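Right, one structure below, let's go through it.
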Amino acid sequence: MSNPTFRSGPITFSVSSDVKKFRLVKVAEEGVSHAADSGPVFGAVTENGFAPAESEGNSLVHAGPNSVAVHIGPATVPLEVSGTASEIKQGAAVYAAADGKVAASGSVVVGVAARNGSGSTVKTTLLTPIAQ
Numbered sequence: 000m001s002n003p004t005f006r007s008g009p010i011t012f013s014v015s016s017d018v019k020k021f022r023l024v025k026v027a028e029e030g031v032s033h034a035a036d037s038g039p040v041f042g043a044v045t046e047n048g049f050a051p052a053e054s055e056g057n058s059l060v061h062a063g064p065n066s067v068a069v070h071i072g073p074a075t076v077p078l079e080v081s082g083t084a085s086e087i088k089q090g091a092a093v094y095a096a097a098d099g100k101v102a103a104s105g106s107v108v109v110g111v112a113a114r115n116g117s118g119s120t121v122k123t124t125l126l127t128p129i130a131q
């Protein structure tokens with residue numbers, strides 16, 4: 000019998016296209032990018048990540064991180080809401096929206112609101128990754 004490779008906590012992935020913090024992401028062979036409202040959804044990021052850029056020779060400029068920690072269920076993380084965050088109430092289902100954001104309605108459930116939405120985010124307890 001072998002032990003699980005990942006048991007809890009985030010998993011680090013390369014970034015294939017820029018991602019913003021508090022967004023849902025999908026995972027592909029090249030890395031992570033924002034998830035669509037129709038899925039698939041692997042998890043959520045809480046930091047910005049940047050796709051590798053071509054560097055000029057003899058340049059001392061450093062870009063942002065090219066890898067990010069992706070949180071998966073049962074982690075609770077803030078997620079950016081498409082629309083009005085206060086419409087999502089504690090205990091309500093949270094759905095995937097366009098560009099990695101979440102919404103009060105939709106077709107792909109990604110978690111449950113752990114607190115009422117406020118400002119532009121809602122603290123969400125994530126569900127298991129959703130593949131397609």
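Numbering of the sequence shown is given in our numbering, commencing with residue 0 and proceeding in unit increments.
From the three backbone atoms N, C-alpha and C, an ideal C-beta is built for every residue, glycine too.
As the structure is a computational prediction, the values presented were derived from the model and not from experiment.
Problem set entry | Backbone CA spacing between Val108 and Asn57 [nearest angstrom] | Within the sequence shown, residue 108 is the residue found at index 109, counting from 1. Within the sequence shown, residue 57 is the residue found at index 58, counting from 1. Rounded to the nearest angstrom, the two C-alpha atoms are 47 Å apart.
For this session: Consult DSSP for Glu79 and reduce its assignment to one of helix, strand or coil.
Result: One-based indexing of the sequence shown puts residue 79 at position 80. Three-state DSSP puts Glu79 in a strand.
For this session: Specify whether the segment 91-104 and the segment 45-55 touch according to this definition: at least 3 beta carbon pairs, one from each stretch, less than 8 Å apart.
Result: no
For this session: Ignore the nearest five residues each way along the sequence and tell me which others in Glu29's own chain have a CB closer than 6 Å to its CB.
Result: Start at 1 with the first residue of the sequence shown, and residue 29 comes out as number 30. Cβ neighbours of Glu29 beyond the five flanking positions: Ser15.
Exercise. What is the C-beta distance between Gly118 and Ala97, in whole angstroms, given that I count them as a contact (C-beta under 8 Å)?
Worked result: Walking along the sequence shown from the start, residue 118 turns up at place 119. Walking along the sequence shown from the start, residue 97 turns up at place 98. Actually they do not touch by this definition, with Cβ atoms about 20 Å apart.
Problem set entry | Secondary structure of Gly90, DSSP reduced to three states | As a working note, residue 90 is residue 91 in the sequence shown. Gly90 falls in the coil class under three-state DSSP.
Exercise. Mind checking whether Pro73 and Leu23 have CB atoms under 8 Å apart?
Worked result: Position 74 of the sequence shown holds residue 73. Position 24 of the sequence shown holds residue 23. For Pro73 and Leu23, no; Cβs fall outside 8 Å.
Exercise. What span of residues does the beta strand (DSSP E) with Ile10 cover, start to end?
Worked result: By 1-based counting over the sequence shown, the position of residue 10 is 11. It spans Ile10 to Ser13 - the beta strand (DSSP E) in which Ile10 sits, taken as one unbroken run.
For this session: Run the CB neighbour count on Lys88, radius 10 Å, all protein chains shown included, and call it buried at 16 or more, exposed below.
Result: Working through the sequence shown from its first residue, we reach residue 88 at position 89. When all chains shown are included, Lys88 counts as exposed.
Problem set entry | Classification of Asp36 by the beta-carbon crowding that lies within 10 angstroms, buried from 16 upward | The residue given as residue 36 occupies position 37 in the sequence shown. Classification for Asp36: buried.
Problem set entry | Cβ-based burial, Pro64 [other Cβ within 10 Å; buried from 16] | Taking the sequence shown and counting its residues from 1, the one referred to as residue 64 is at position 65. Around the C-beta of Pro64, fewer than 16 other C-beta atoms lie within 10 Å, and the residue is accordingly described as exposed.
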